[in-house]
Structure formats: structure tokens, C-alpha cells
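Trainee:
Residue numbers (the working numbering): 19 to 164.
Rendered as C-alpha cells:
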């Protein structure tokens with residue numbers, strides 16, 4: 019959780035310094051994307067910890083509140099210094115990126131499940147082959163021909 023919060027703070031500092039230096043908001047595009055992905059990761063970890071009995075509720079709450087505050091400040095920066103409709107486009111971009119990321123995670127899980135299935139089938143086949151070979155060896159050793 020601290021790594022995500024540090025990434026959010028770093029990205030936000032880059033965005034603010036970009037605006038303070040009079041540059042275009044678009045030149046801080048990577049920092050804005052880092053902010054969004056770190057925010058999403060933080061929210062995902064917080065929701066996972068909610069289901070855990072060992073979660074530190076106050077720390078999670080304070081981290082999410084800090085993110086909300088920084089996001090509100092980012093919104094005002096986009097409204098003040100960005101082009102018309104930039105915030106709405108940003109929200110749309112976040113939704114699309116989240117959807118793509120979830121699709122990638124789903125595909126990775128399916129691929130991993132397929133690999134586990136293949137390894138299981140190969141292992142089971144090897145065990146069955148060894149068992150048949152062992153039975154054949156015992157039969158030949160005792161000269162018990164079929």
C-alpha cells in the first residue's frame with residue numbers, strides 16, 4: 019500500500035511542477051497515467067484487505083482519503099489549465115484503461131489455468147505410463163506371461 023501511495027505522491031508532484039513551470043498539461047501525460055494506475059492498484063489492495071481479518075482500517079482509510087484529495091486537486095488543475103472537456107476525457111480514459119487491464123488479467127488467468135491443466139495431464143500420463151511399465155516389469159520378472 020505504501021508503494022502505491024508513494025507512486026501517487028510522486029506522480030502528483032510531477033503534474034504540479036509541470037503546471038507550475040508553465041508547461042502544457044499534456045507533457046505530464048505519463049505522470050497522469052502513473053497516478054491513475056497507482057490509484058487503481060491502491061483501491062484494489064484496499065478492497066482485498068477489506069475481506070481480510072488482518073487489514074489496518076485506519077491506514078487504508080487515510081490513504082484513500084489522501085488519494086481522493088489529490089484527485090480533486092488534479093480535477094481542478096485539469097479544469098483550470100487543461101482544454102475544455104479534459105476531465106471528462108480523463109475519466110473516460112481511466113474507465114477504458116481499467117477495462118483493458120481487467121481483460122488482460124482475465125486472459126492471464128485463463129492462460130495460467132490452461133498451463134496448469136496441461137501440466138496435470140502430462141504428469142498423470144507419465145504416472146500411468148510408469149505404473150503400466152512397473153506392472154509389465156513385475157510380470158516379466160516373475161515370468162507370468164499373459
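We put the beta carbon where it would ideally sit given N, CA and C, even for glycine.
(1) Comparing the C-beta of residue 102 with each C-beta of chain B, is any distance below 7 Å?
(2) Where does the unbroken alpha helix (DSSP H) through residue 154 begin, and where does it stop?
(3) When you compare each of 61, 103, 106 and 101 to residue 85 by their alpha carbons, which one comes out closest?
(4) Have a look at residue 145 and residue 137 and give me their C-alpha separation to the nearest angstrom.
(5) Is the beta carbon of residue 19 less than 7 Å from the beta carbon of residue 63?
(6) Under the rule that 16 or more other beta-carbon atoms within 10 Å means buried, what is residue 22, buried or exposed?
(7) How big is the Cα-Cα spacing for residue 119 and residue 112?
(8) On the DSSP letters alone, give me the boundaries of the alpha helix (DSSP H) that residue 27 sits inside.
(9) Under DSSP, the alpha helix (DSSP H) around residue 76 begins and ends at which residues?
(10) Please state whether DSSP places residue 58 in a helix, a strand or coil.
Mentor: The answer reads as follows:
(1) Among the chains of the structure shown, chain B does not appear; only one protein chain is present.
(2) The count along the chain shown starts at 1 and reaches residue 154 at position 136. Counting along the chain, the alpha helix (DSSP H) containing residue 154 begins and ends at 104-159.
(3) Here the question's residue 85 lines up with position 67 in the chain shown. Of 61, 103, 106 and 101, the residue nearest in Cα terms is 61.
(4) Taking the chain shown and counting its residues from 1, one reaches residue 145 at position 127. Taking the chain shown and counting its residues from 1, one reaches residue 137 at position 119. Near 12 Å, if we compare the C-alpha coordinates of residue 137 and residue 145.
(5) Here residue 19 refers to the residue found at position 1 of the chain shown. Here residue 63 refers to the residue found at position 45 of the chain shown. Against a cut-off of 7 Å, the Cβ pair of residue 63 and residue 19 comes out as a contact.
(6) Here residue 22 refers to the residue found at position 4 when the chain shown is read from its first residue. The residue is buried, with at least 16 neighbouring Cβ atoms inside 10 Å.
(7) As a first step, residue 119 is located in the chain shown; it is residue number 101 there, counting from the start. As a first step, residue 112 is located in the chain shown; it is residue number 94 there, counting from the start. Looking at the two C-alpha atoms, the distance is approximately 10 Å.
(8) Translated into positions along the chain shown, residue 27 becomes position 9. 20-38 is the span of the alpha helix (DSSP H), which, as asked, contains residue 27.
(9) Stepping through the chain shown from its first residue, residue 76 is reached at position 58. From DSSP, the alpha helix (DSSP H) with residue 76 extends over 75-99.
(10) Within the chain shown, the letter at position 40 stands for residue 58. Helix.
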